[in-house]
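Comments concern the structure below.
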Amino acid sequence: MTRFLARRLLLQVLVFAGVLVLTFLISHSVPGDPALLRAGPRASPEIIAQLRHDMGLDRPLPVQLWLYLRELVRGDLGLSVRTQRPVLQDIAEHFPATFELTTAALLVVVLVGIPLGVLSAVQKDRFPDHLSRIIAISGVSLPVFWLGLMLIYIFFVRLGWLPGTGRLDMGVEPPSLTGLYVLDALLIRDWALLGSALRHLFLPVLLLSYVSLAPVVRMVRSSMLEILGQDYIRTARAKGLAERVVIYRHALRNALIPTLTIVGLAYGTLLQGAVVTETIFAWPGMAYYAVGSMTYLDYPAVMGITLVSALIYSTVNLLVDLLYGVVDPRIRYD
Amino acid sequence: MSASRWFRVLAVLAVLGLLGVPRPAGSAQAPPQDVLIFGATSDVETMDPQVSVDNIAWRAIYYCYDRLVQLKGGTTEVAPQLAESWTVSPDGKTFTFRLRSGVKFIDGTPFDAQAVAASFGRLFKMGKGAAGLWDGILDPGGITVVNPSTIRFTLKTPFAPFLGSLATDQASIVSPGVMKHETAGDLGQAWLAGHTAGTGPFYLKEWRRGERIVLERNPNYWGPKPALRQVIIRNIPDAAVLRDLLERGEVDMGEVLTDDQIDAIKDKPGIRVFEAPSFLATYIYLNNRNRYLENVKVRQAISYAIDYQGIIRGVRKGRAVQMRGPIPQGMAGHDKTVFQYTRDVARARRLLAEAGHPQGFELGLLIDPGVREWADIATIVQANLAEIGIRVKIEGYARPTMRAKLDKADFDMATGFWTPDYPDADMFTWFWFYSKNGGLAGNRSFYSNPRMDELVVAQRQEPDPAKRMQLFRQIQKIAVDDAVYVYLYQPVYRIAMRSRVQGYVYNPMLLFMPNFSGISKAP
Numbered sequence: 003m004t005r006f007l008a009r010r011l012l013l014q015v016l017v018f019a020g021v022l023v024l025t026f027l028i029s030h031s032v033p034g035d036p037a038l039l040r041a042g043p044r045a046s047p048e049i050i051a052q053l054r055h056d057m058g059l060d061r062p063l064p065v066q067l068w069l070y071l072r073e074l075v076r077g078d079l080g081l082s083v084r085t086q087r088p089v090l091q092d093i094a095e096h097f098p099a100t101f102e103l104t105t106a107a108l109l110v111v112v113l114v115g116i117p118l119g120v121l122s123a124v125q126k127d128r129f130p131d132h133l134s135r136i137i138a139i140s141g142v143s144l145p146v147f148w149l150g151l152m153l154i155y156i157f158f159v160r161l162g163w164l165p166g167t168g169r170l171d172m173g174v175e176p177p178s179l180t181g182l183y184v185l186d187a188l189l190i191r192d193w194a195l196l197g198s199a200l201r202h203l204f205l206p207v208l209l210l211s212y213v214s215l216a217p218v219v220r221m222v223r224s225s226m227l228e229i230l231g232q233d234y235i236r237t238a239r240a241k242g243l244a245e246r247v248v249i250y251r252h253a254l255r256n257a258l259i260p261t262l263t264i265v266g267l268a269y270g271t272l273l274q275g276a277v278v279t280e281t282i283f284a285w286p287g288m289a290y291y292a293v294g295s296m297t298y299l300d301y302p303a304v305m306g307i308t309l310v311s312a313l314i315y316s317t318v319n320l321l322v323d324l325l326y327g328v329v330d331p332r333i334r335y336d
Numbered sequence: 025m026s027a028s029r030w031f032r033v034l035a036v037l038a039v040l041g042l043l044g045v046p047r048p049a050g051s052a053q054a055p056p057q058d059v060l061i062f063g064a065t066s067d068v069e070t071m072d073p074q075v076s077v078d079n080i081a082w083r084a085i086y087y088c089y090d091r092l093v094q095l096k097g098g099t100t101e102v103a104p105q106l107a108e109s110w111t112v113s114p115d116g117k118t119f120t121f122r123l124r125s126g127v128k129f130i131d132g133t134p135f136d137a138q139a140v141a142a143s144f145g146r147l148f149k150m151g152k153g154a155a156g157l158w159d160g161i162l163d164p165g166g167i168t169v170v171n172p173s174t175i176r177f178t179l180k181t182p183f184a185p186f187l188g189s190l191a192t193d194q195a196s197i198v199s200p201g202v203m204k205h206e207t208a209g210d211l212g213q214a215w216l217a218g219h220t221a222g223t224g225p226f227y228l229k230e231w232r233r234g235e236r237i238v239l240e241r242n243p244n245y246w247g248p249k250p251a252l253r254q255v256i257i258r259n260i261p262d263a264a265v266l267r268d269l270l271e272r273g274e275v276d277m278g279e280v281l282t283d284d285q286i287d288a289i290k291d292k293p294g295i296r297v298f299e300a301p302s303f304l305a306t307y308i309y310l311n312n313r314n315r316y317l318e319n320v321k322v323r324q325a326i327s328y329a330i331d332y333q334g335i336i337r338g339v340r341k342g343r344a345v346q347m348r349g350p351i352p353q354g355m356a357g358h359d360k361t362v363f364q365y366t367r368d369v370a371r372a373r374r375l376l377a378e379a380g381h382p383q384g385f386e387l388g389l390l391i392d393p394g395v396r397e398w399a400d401i402a403t404i405v406q407a408n409l410a411e412i413g414i415r416v417k418i419e420g421y422a423r424p425t426m427r428a429k430l431d432k433a434d435f436d437m438a439t440g441f442w443t444p445d446y447p448d449a450d451m452f453t454w455f456w457f458y459s460k461n462g463g464l465a466g467n468r469s470f471y472s473n474p475r476m477d478e479l480v481v482a483q484r485q486e487p488d489p490a491k492r493m494q495l496f497r498q499i500q501k502i503a504v505d506d507a508v509y510v511y512l513y514q515p516v517y518r519i520a521m522r523s524r525v526q527g528y529v530y531n532p533m534l535l536f537m538p539n540f541s542g543i544s545k546a547p
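Line by line, the protein sequences are chains A and B.
Following the working numbering, the numbering of the first sequence begins with 3 at its first residue and continues without gaps.
Following the working numbering, the numbering of the second sequence begins with 25 at its first residue and continues without gaps.
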């Protein structure tokens with residue numbers, strides 16, 4: 003187990019190095035000059051040259067990369083071109099919003115996706131199966147932004163049931179604890195805050211989980227179908243076990259391994275979906291910050307966001323790998 | 025009927041049902057009388073007035089600071105602010121200001137001549153874009169503290185628009201107290217990016233990035249007390265949502281809505297739309313380094329081929345006036361009699377033939393496709409020029425790339441906007457035509473004419489206003505004869521607000537900066 007973990011962590015570092023160098027090269031080879039944007043329209047060539055120098059843009063690319071890595075090792079992600087603040091501070095401010103959104107969406111995906119997949123398999127080709135197929139297919143095929151705008155239009159504009167943008171109501175003051183408002187509200191037992199945070203979470207999470215649901219449902223369904231046809235299921239049924247026990251204890255347990263894999267991958271989809279979701283709902287998260295940074299060619303910010311996203315994604319997948327052993331004791335890490 | 029058909033029928037009924045539901049009357053969430061909710065479609069990057077060059081950010085910054093002088097009401101005239109009075113030397117190079125006493129910055133530091141010197145010192149030392157305004161005109165050596173209530177600015181060259189330039193956001197007086205927050209020699213930049221340190225009627229109380237900015241009334245403000253206790257600038261990226269919030273009264277004022285959206289709500293009860301001409305010049309750069317465009321006849325041919333009224337109708341629904349030369353209407357120095365190009369295809373063809381290109385040629389037109397207006401202009405220009413044989417290739421690039429290409433003269437034609445920073449025609453002449461300003465600095469056509477260089481420098485240094493107006497007249501004539509740019513239009517500025525919002529004063533120099541300190545809300 004320890005050796006497995008060590009090997010995985012080493013691999014992780016290598017993956018990071020690769021991501022880092024690639025992102026650096028790609029972002030810096032886009033034509034354009036952030037110094038020109040920073041300087042604004044009336045700046046003289048001297049000011050622009052000075053800015054370029056301050057930002058290190060006048061050095062050869064390998065030197066810039068080397069300097070970046072050196073600062074990175076010290077835990078410094080550099081200064082954002084756009085906001086003029088340390089990138090780490092910017093990310094720390096935007097990260098909780100994204101984390102809250104994607105985690106809530108992941109929970110919904112798991113809690114709705116797995117039962118729906120099971121139902122779909124057990125009731126194969128009957129109404130529940132058709133319904134789950136409609137949900138899954140419409141989720142992947144409807145454009146996220148269109149669906150998001152429709153949700154806002156129906157629930158915010160027409161019905162006025164739910165807020166359309168932001169994380170809290172105007173009058174509600176956010177606490178300064180973790181930045182995860184739902185968790186904060188529970189910690190300080192502020193029910194008004196909790197209500198406001200949940201109401202604001204509802205539509206973005208609905209959108210994000212809906213469009214990420216399909217792969218999980220389809221995977222659970224197909225694994226379940228395969229397993230339900232196996233000899234040991236027939237044996238279990240022959241023993242006279244209750245159908246519920248057969249499905250949830252014997253079959254689902256075995257179907258969970260591929261499901262876990264797909265859930266890990268779904269987290270990647272969630273992070274992508276967060277870009278559109280955050281933009282539509284003015285959700286002040288990392289993806290929202292990322293979009294702004296990219297249009298500004300804000301290299302340090304783009305690099306920082308990439309690193310953090312890679313970190314989250316690979317950590318989730320590491321957790322998934324470790325969970326295999328919990329779900330199926332036959333899996334050994336050596 | 026099978027299950028799936030039932031499902032389909034139900035789905036259709038559900039959607040129809042939802043659309044039929046009446047909108048809720050939304051006065052429950054209306055903001056209190058002393059709080060103004062301003063809806064904006066983009067967020068601010070940094071609040072440091074000596075770094076930011078972005079109008080949208082200035083909206084949040086401007087009323088947190090005072091300057092030595094201010095613009096009087098909705099005019100381009102200069103009035104006292106932190107300076108009570110001033111004298112100008114006959115050669116127009118030395119300005120001596122008497123400062124207001126008893127003023128304190130929001131951080132408690134007293135305001136005096138030393139603070140003014142420190143503020144400009146910080147601006148020049150950082151040398152960010154905001155300092156570009158006084159490049160070659162003023163530097164720290166030219167600022168003398170005579171006594172605590174008197175400060176003297178000595179310019180390197182006479183600069184007629186100097187007083188007006190002191191009313192801009194860049195000239196905000198920043199508290200010397202920011203140095204307490206300095207980290208790694210940044211002159212307090214990281215701190216000031218998210219805080220304010222001025223003497224203005226408001227200060228930044230809270231900023232949830234991407235979500236909202238809360239400006240709170242400065243309790244110790246030296247001037248008249250603003251009626252509003254708070255101004256909350258809410259970030260609402262989707263303009264359609266902003267429109268709806270305005271209609272329901274959850275937002276008091278909002279920018280930037282499309283013309284369609286404003287038209288849809290302008291007659292609704294409780295809504296008022298303000299309209300006035302802006303100084304936002306919309307024009308096309310003609311790169312004079314291009315082998316075709318260096319020929320004045322080709323540039324004139326293009327100017328004759330463009331359907332100006334068609335563009336104004338098609339792109340702005342008629343809500344714009346065609347520009348007459350480079351200096352916009354409403355700005356002192358504008359010449360009402362200068363020649364104005366109108367569409368004349370036969371003449372354009374003749375000019376092109378005279379230039380030796382009867383068969384036409386191909387040109388690129390650089391745009392940022394993210395700006396809808398530019399994309400619309402580009403398609404009309406493409407069709408117009410096709411009629412005289414010029415094949416236009418529209419080249420779309422993201423903003424940073426587009427700007428880099430503009431600066432390096434790596435384009436043929438390009439669309440552009442220009443707003444004046446200070447209330448003076450210098451913004452539309454020296455920047456646009458001086459040969460050394462090639463590129464982003466302002467001369468985006470890379471135009472070079474020694475006679476023009478003389479004139480645009482002379483107007484800057486001319487202390488006599490009447491003689492200056494004479495110089496502007498000559499400049500405009502050459503600029504139009506030489507067809508340096510295609511002068512398209514000045515759009516009408518429109519802002520929607522609740523009818524209860526009172527005291528709004530539009531100043532064309534402060535586009536996107538409503539006078540929060542003068543606004544109140546009726547009960």
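Ideal placement from N, C-alpha and C gives every residue a C-beta, glycine not left out.
All of these numbers come straight from a predicted model, not from anything done at the bench.
Check                                                                                                                                                                                : Outcome
Go ahead and pull the three-state DSSP assignment for B/Thr111.                                                                                                                      : strand
Tell me the rounded alpha-carbon separation between A/Ser215 and A/Arg10.                                                                                                            : It should be pointed out that residue 215 of chain A corresponds to Leu in this sequence rather than to Ser. One C-alpha to the other measures close to 28 angstroms.
DSSP three-state label for B/Leu317, please.                                                                                                                                         : coil
Within the 8 angstroms Cβ cut-off, does B/Glu240 reach chain A?                                                                                                                      : no
Relative to chain B, which residues along the region 141-168 of chain A have a C-beta separation below 7 angstroms, given in chain order?                                            : Ile154, Ile156, Val159, Arg160, Leu161, Gly162, Gly166, Thr167, Gly168
What does B/Arg524 reach in chain A if we use C-beta pairs closer than 7 angstroms?                                                                                                  : Ordered by position in chain A, no residue passes the 7 angstroms Cβ test against B/Arg524, which lies about 17 angstroms from the chain.
Can at least three beta-carbon pairs, one atom from the region 132-147 of chain A and one from the region 181-200 of chain A, be found at a separation below 8 angstroms?            : no
By the 9 angstroms beta-carbon criterion, what residues does the region 159-187 of chain B contribute toward chain A?                                                                : Asp159, Gly160
Applying a beta-carbon distance threshold of less than 7 angstroms, which residues of chain B neighbour A/Tyr290?                                                                    : Gly234
For the beta strand (DSSP E) that B/Tyr227 lies in, which residues bound it at each end?                                                                                             : 226-232
Could you check whether B/Thr439 and B/Ala402 sit closer than 8 angstroms to each other, using their CB atoms as the reference points?                                               : yes
Counting beta carbon pairs with one atom in the region 446-460 of chain B and one in the region 342-358 of chain B, are three or more of them shorter than 8 angstroms?              : yes
I want to verify the contact list: residues of chain A whose CB lies under 7 angstroms from the CB of B/Val75, in sequence order.                                                    : Gln86
Name, going along the chain, the residues of the region 12-41 of chain A whose beta-carbon falls closer than 9 angstroms to a beta-carbon of chain B.                                : Val32, Pro33, Gly34, Asp35, Pro36, Leu38, Leu39, Arg40, Ala41
For chain B, is any of its Cβ atoms less than 8 angstroms away from the one on A/Ile49?                                                                                              : yes
Using a beta-carbon distance below 8 angstroms, is B/Leu409 in contact with chain A?                                                                                                 : no
Which runs of the beta strand (DSSP E) spanning at least 3 residues fall entirely within the region 357-397 of chain B, listed in chain order?                                       : 385-391
Excluding the 5 residues preceding and the 5 following A/Val213 in the sequence, name in chain order all residues of the same chain whose CB lies nearer than 6 angstroms to its CB. : Gly141, Val146, Gly275
The beta strand (DSSP E) with B/Val416 in it runs from where to where?                                                                                                               : 414-420
Any idea what DSSP makes of A/Val15, helix, strand or coil?                                                                                                                          : helix
For the ligand ADP, is there a heavy atom less than 7 angstroms away from the beta-carbon of B/Gly273?                                                                               : Among the components modelled here there is no ligand, and therefore nothing to report on the ligand ADP.
Would you mind reading off the limits of the beta strand (DSSP E) that contains B/Ile167?                                                                                            : 167-171
Please report the distance separating the alpha-carbon of A/Leu164 from that of A/Leu151.                                                                                            : 13 angstroms
Cβ closer than 8 angstroms: which chain A residues qualify as neighbours of B/Arg427?                                                                                                : Gly34, Asp35, Leu38, Leu39
How far does the alpha helix (DSSP H) with A/Leu267 in it extend, from its first residue to its last?                                                                                : 254-282
With distances taken between CB atoms, is the gap from B/Val345 to B/Gln526 smaller than 8 angstroms?                                                                                : no
From A/Leu67 to A/Leu81, what does the alpha carbon distance come to, in whole angstroms?                                                                                            : 15 angstroms
Count the other C-beta atoms from every protein chain shown that fall within 10 angstroms of the C-beta of B/Trp110, then say buried if there are 16 or more, exposed otherwise.     : buried
Out of B/Phe177, B/Gln500, B/Phe470, B/Val59, state which residue places its alpha-carbon closest to the alpha-carbon of B/Leu479.                                                   : B/Gln500
To the nearest angstrom, report how far apart B/Pro56 and A/His96 are at their CA atoms.                                                                                             : 29 angstroms
Comparing alpha-carbon positions, which option in A/Thr85, A/Thr279, A/Arg72 lies nearest B/Trp215?                                                                                  : A/Thr85
State the start and end residues of the unbroken beta strand (DSSP E) segment that holds B/Lys178.                                                                                   : Here residue 178 of chain B turns out to be Thr, not Lys, going by the sequence shown. Counting along the chain, the beta strand (DSSP E) containing B/Thr178 begins and ends at 174-178.
In angstroms, rounded to a whole number, what distance separates the CA positions of B/Asp431 and A/Pro206?                                                                          : 41 angstroms
Skipping 5 residues on each side, what residues in its chain have a beta carbon closer than 7 angstroms to that of B/Ala503?                                                         : Gly349, Pro350, Phe457
Roughly how many angstroms lie between the CA atoms of B/Pro185 and A/Ile307, to the nearest whole one?                                                                              : 44 angstroms
Considering only DSSP beta bridges, list what B/Gly278 is partnered with.                                                                                                            : B/Gly63, B/Ala520
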